[in-house]
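Each remark here refers to the structure printed beneath this line.
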Amino acid sequence: MRIFKKCGFSSNMEHFLCAFLVLVGVVVAANAQQVCYDGLGCFSRGGDFPDALPQSPGEINTQFLLYTRNNPATEQSIMYDDSSSVVNSYFDSSKKIKILIHGYMDDKTEEWLILAREAILAREDVNVIVVDWGGGANSINYIQVAANTRVVGAQIARLITYLMQLTFVSESSVHLIGHSLGAHISGYAGERLQPRPARITALDAAEPGFQGMPTHVRLDPSDAMFVDAIHTDGESILALGFGMSQAVGHLDFYPNGGSEQPGCEQSILDFIISEGLIDGSKYFVTCNHKRASRLFIESISSNCPWLGYPCSDWEAFQAGRCLSCGAAGCHRMGYEADKNTLSAGAQNVKLYFTTEGESPYCHREEHRVSLTMSAGADSREVQEMYVTLHGTGGSSQQVMVVEDDKDFEPGQTYVFMVGTAEDLGTVTSVDIQWEEDDDWYNPFTWFNSPTLVLDRLTVDTAGLNTFSTATFCSSPNGLAEGQTISLHVGGCGGPITG
Numbered sequence: 001m002r003i004f005k006k007c008g009f010s011s012n013m014e015h016f017l018c019a020f021l022v023l024v025g026v027v028v029a030a031n032a033q034q035v036c037y038d039g040l041g042c043f044s045r046g047g048d049f050p051d052a053l054p055q056s057p058g059e060i061n062t063q064f065l066l067y068t069r070n071n072p073a074t075e076q077s078i079m080y081d082d083s084s085s086v087v088n089s090y091f092d093s094s095k096k097i098k099i100l101i102h103g104y105m106d107d108k109t110e111e112w113l114i115l116a117r118e119a120i121l122a123r124e125d126v127n128v129i130v131v132d133w134g135g136g137a138n139s140i141n142y143i144q145v146a147a148n149t150r151v152v153g154a155q156i157a158r159l160i161t162y163l164m165q166l167t168f169v170s171e172s173s174v175h176l177i178g179h180s181l182g183a184h185i186s187g188y189a190g191e192r193l194q195p196r197p198a199r200i201t202a203l204d205a206a207e208p209g210f211q212g213m214p215t216h217v218r219l220d221p222s223d224a225m226f227v228d229a230i231h232t233d234g235e236s237i238l239a240l241g242f243g244m245s246q247a248v249g250h251l252d253f254y255p256n257g258g259s260e261q262p263g264c265e266q267s268i269l270d271f272i273i274s275e276g277l278i279d280g281s282k283y284f285v286t287c288n289h290k291r292a293s294r295l296f297i298e299s300i301s302s303n304c305p306w307l308g309y310p311c312s313d314w315e316a317f318q319a320g321r322c323l324s325c326g327a328a329g330c331h332r333m334g335y336e337a338d339k340n341t342l343s344a345g346a347q348n349v350k351l352y353f354t355t356e357g358e359s360p361y362c363h364r365e366e367h368r369v370s371l372t373m374s375a376g377a378d379s380r381e382v383q384e385m386y387v388t389l390h391g392t393g394g395s396s397q398q399v400m401v402v403e404d405d406k407d408f409e410p411g412q413t414y415v416f417m418v419g420t421a422e423d424l425g426t427v428t429s430v431d432i433q434w435e436e437d438d439d440w441y442n443p444f445t446w447f448n449s450p451t452l453v454l455d456r457l458t459v460d461t462a463g464l465n466t467f468s469t470a471t472f473c474s475s476p477n478g479l480a481e482g483q484t485i486s487l488h489v490g491g492c493g494g495p496i497t498g
């Protein structure tokens, strides 16, 4: 009946012919390999791209919402086919343009968009444009949503081109900031512009459908003059990792290794208690994925150096093998990443550092703590171990360096990386506390007082060109379980600079 209503004819034959043509049209549309939209170009399905055609601009319903210091909380809608919407707005072509783009299952109400817009306008007098493509993003069909990103990217490129023609704004003033699928949308927009936009910042670019794909499918360094990426959820999608581990920028930052973020290991109940039922449940699933946007937002107003150290991978960083900047150089993550000086041709430079598990996330220093067991000591199974670093400039928080059972064997050295929110200056002492994994079923372990006998403990503090080293000796009696023991510099010959 719905088909006949479309036709509007009276005779049975006319109804039949119309119904046949409509059905043919539906089948053809369902099997179409390409779709074209005025002013945006044509889009094919399959091949390297998701096996779906993007929806129409009308269905996606992309909105460009302008915020400035004249209207920091009230949006002004602008569009590339409506000059009056731009002319009658607070858009100022003499100022930079920051374009914020959300990802899958989000819209303009997404928290990070609001916080980023507020933080940027508090820091700089710029044009902030929030891209709301919620009509094409809020579908359980991820493949369809991923296909829609190409149309949104084309629309953003068209808006930028229109602003250039209408107001003579320059590409050098354009900075696109996209989370998840929004990062790849930024890439699609950037590749359509010539010359390229000044910068794209990818906040945990989406993995499914993009990881390992050719550069014309995903974000890559050629999409802007400078591309910086923050990776926080790089586990496989099979392990509910939504972000890419693959390097996609000139500089790629991997806080805490880029996969599992501290503070995201809480139970769903903990998240519900702190965030509420709906937000808590959502954040439980997306905590690692959304951490990239939280780190970026904090970097807008923080004076933290956010220094990333070049390293081959997270395992090498954890082993303390990346304490200086080397030939690739250390680089600042976040809002001021474009202030970094890159060597000619540099791209996909991987940078690692640690953060706290909640705001403020910043770690100002990275330290390698090395514990060498005495050759004549007994083996110990350490369940937990904590260290606190004290220096001429302040003290760190107590940091857990062992949280699961770990065997400490005679003569062996064990290395832990400790990030500190404070600039400690010269490290002068270390507090250490440990707990043994007692065998509750073995009565002989109930009354003994085990000790951990160290030959020495060394703290190496990372630096731009070199690193400083402080060495400490344990007392001959060792470190008693459950007690906090303070080790002071100098017992093994004093501090060494290397």
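So in the UniProt record's numbering, spot 5 of the sequence shown is number 5, and the numbers just go up one at a time. Glycine included, every Cβ here is placed at the ideal spot set by N, Cα and C.
Residues bridged to residue i [DSSP beta-bridge criterion]
i, result
"A480", "T451"
"D228", "T201 and L251"
"F43", "V35"
"I101", "V131 and G178"
"L487", "V430"
"Y414", "L371"
"A206", "G243"
"Q63", "D132"
"residue 509", "Any question about residue 509 goes unanswered here, given that the chain covers just 1 to 498."
Residue i, DSSP secondary structure in three states
i, result
"G134", "helix"
"D223", "helix"
"T149", "helix"
"L23", "Legend: pLDDT at L23 = 40, less than 50; position of this residue unreliable, value from coordinates given subsequently. Helix, per DSSP."
"R192", "helix"
"R294", "helix"
"A119", "helix"
"R218", "coil"
"I156", "helix"
"T458", "strand"
"A377", "coil"
"T167", "helix"
"Y162", "helix"
"S77", "strand"
"Q82", "It is Asp, not Gln, that sits at residue 82 in the sequence shown. Strand, per DSSP."
"L351", "strand"
"V401", "strand"
"G425", "coil"
"T286", "helix"
"Q383", "strand"
"G419", "strand"
"D107", "coil"
"K406", "strand"
"G394", "strand"
Proximity to residue i [Cα-Cα], best of the options
i, options, result
"T466", "N61, I160, R321 and A73", "R321"
"L424", "G212, L389, T341 and C304", "L389"
"T420", "P50, A154 and V387", "V387"
"H179", "G212, E356 and I297", "I297"
"R294", "E356, G241, A247 and H331", "E356"
"L454", "D106, S486, I78 and Y309", "S486"
"I99", "G58, K290, N127 and T426", "N127"
"N288", "S302, C311 and N256", "N256"
"K350", "D313, C362, E365 and V382", "D313"
"S259", "E315, S301 and H175", "E315"
"H250", "Y142, E265 and A337", "A337"
"R332", "L307, L464, G263 and E381", "L307"
"A154", "A462, G478, Y37 and S343", "Y37"
"E366", "P305, R380 and G411", "P305"
"Y188", "S170, H175 and A157", "A157"
"G411", "V217, D125, R456 and N303", "R456"
- Quick one: any contact between the region 163-173 and the region 79-93, if contact means 3 or more CB pairs under 8 Å? A contact between stretches requires three or more CB pairs, one per stretch, nearer than 8 Å, and the region 163-173 meets this requirement with the region 79-93.
- Query: Is the number of C-beta pairs between the region 199-214 and the region 181-188 that are closer than 8 Å three or more?
  - Reply: yes
- Query: Would you call the region 325-341 and the region 234-244 touching, i.e. three or more CB-CB distances under 8 Å?
  - Reply: no
- Query: Which residue spans inside the region 306-335 form an unbroken beta strand (DSSP E) run of at least 3?
  - Reply: 307-310
- Taking three-plus beta-carbon pairs below 8 Å as touching, is the region 68-81 in contact with the region 142-150? Between the region 68-81 and the region 142-150, the count of Cβ pairs shorter than 8 Å is below three; the stretches do not touch.
- Any 3 or more C-beta pairs closer than 8 Å across the region 99-116 and the region 131-146: yes
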